[in-house]
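Just so we're aligned: the sequence shown equals residues 1 to 158 in our numbering. Here a beta-carbon is modelled for each residue, glycine too, at the ideal position from N, C-alpha and C. Remember, predicted model here, so these are calculated numbers, not experimental data. Have a look at the structure below before the remarks.
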Amino acid sequence: MDLRETVARLLNVPKSRVVIKQEALEQLEEAITRNDVKSLLKDGLIEVKPKKGNSRGRWRVKHEKRRAGRRRGRGSRKGTRKARGAVGKETWVPKIRKIRRFLNTLKHRGIIDKATWRNLYRMAKGGYFESLAHLRTYMIQNGIVTEDKIKAAFRGGS
């Protein structure tokens with residue numbers, strides 16, 4: 001174990017932050033106790049570099065530009081139109097909850113099996129279905145369930 005590593009371990013800092021001056025090498029080899037190392041630190045023969053942080057300067061500039069309406073063009077967009085901002089979330093959350101509640105009810109009542117449920121659940125998560133009505137028509141058209149089965153499942157109330 002080299003001297004820097006020993007000092008780093010004693011001071012509980014990474015090895016890369018420890019700087020030992022050339023004049024201190026001999027004294028450091030003679031240093032045995034933690035107090036000896038601390039006295040060298042006090043004398044300025046061993047230095048510990050400050051931590052480096054991530055600068056938020058670039059983010060701040062970009063944020064100000066966005067607040068002024070810049071950097072919002074088509075090329076900067078990641079989510080769908082409905083997923084962007086609070087307005088999109090306000091429509092998405094109630095819709096997805098309704099669809100998931102419907103799918104869970106069908107699964108618990110044994111109308112669809114677990115594999116089908118998982119597949120439809122993932123499609124819903126991906127935004128495939130526009131509404132609960134769209135999900136129902138999709139299931140009927142693809143032969144997953146019949147309309148009568150869906151009506152029978154919800155006739156008892158849920």
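Could you spell out where the alpha helix (DSSP H) holding residue i opens and where it closes?
i: Ile150; result: Glu147 to Arg155
i: His23; result: A small correction: the amino acid at residue 23 is Glu; His does not occupy that position in the sequence shown. Unbroken run through Glu23: none, as it is neither H nor E.
i: Thr116; result: Lys114 to Lys125
i: Arg81; result: That residue, Arg81, is in no alpha helix (DSSP H); it is neither H nor E in DSSP.
i: Arg34; result: Arg34 to Asp43
i: Val7; result: Leu3 to Leu11
Within the continuous beta strand (DSSP E) that includes residue i, where are the two ends?
i: Glu90; result: Careful: Glu90 lies outside any beta strand (DSSP E), inside the alpha helix (DSSP H) at Gly85 to His108.
In or out: residue i buried (at least 16 other Cβ within 10 Å) or exposed?
i: Val61; result: exposed
i: Ala24; result: buried
i: Phe102; result: buried
i: Ile99; result: buried
i: Ala152; result: exposed
i: Glu30; result: exposed
i: Ala124; result: buried
i: Phe154; result: exposed
i: Ser158; result: Any reading at Ser158 must be qualified, since the residue scores a pLDDT of 47, below 50, and its modelled position is unreliable; the value itself is stated next. Answer is exposed; the Cβ neighbour count stays below 16.
i: Ile32; result: exposed
Return helix, strand or coil for residue i, following the three-state DSSP convention.
i: Glu130; result: coil
i: Val48; result: strand
i: Lys165; result: The chain is shown only over 1 to 158; residue 165 falls outside these bounds and no answer can be derived.
i: Ser158; result: In this predicted model, Ser158 has a pLDDT of only 47, less than 50, meaning its place in the structure is not dependable; the value taken from the coordinates is given anyway. Three-state DSSP puts Ser158 in coil, outside helix and strand.
i: Gly57; result: helix
i: Arg74; result: helix
i: Ile140; result: helix
Does the distance between the C-beta of residue i and the nearest non-hydrogen atom of the ligand MG fall short of 7 Å?
i: Val48; result: Questions concerning the ligand MG fall outside what the structure shown contains, since it holds no ligand whatsoever.
So residue i packs on residue j, CB below 8 Å; how close in whole Å?
i: Gly126; j: Thr80; result: So it is not a contact: roughly 10 Å between Cβ atoms.
i: Thr105; j: Ile144; result: That pair is no contact at about 14 Å.
i: Arg17; j: Val48; result: 6 Å
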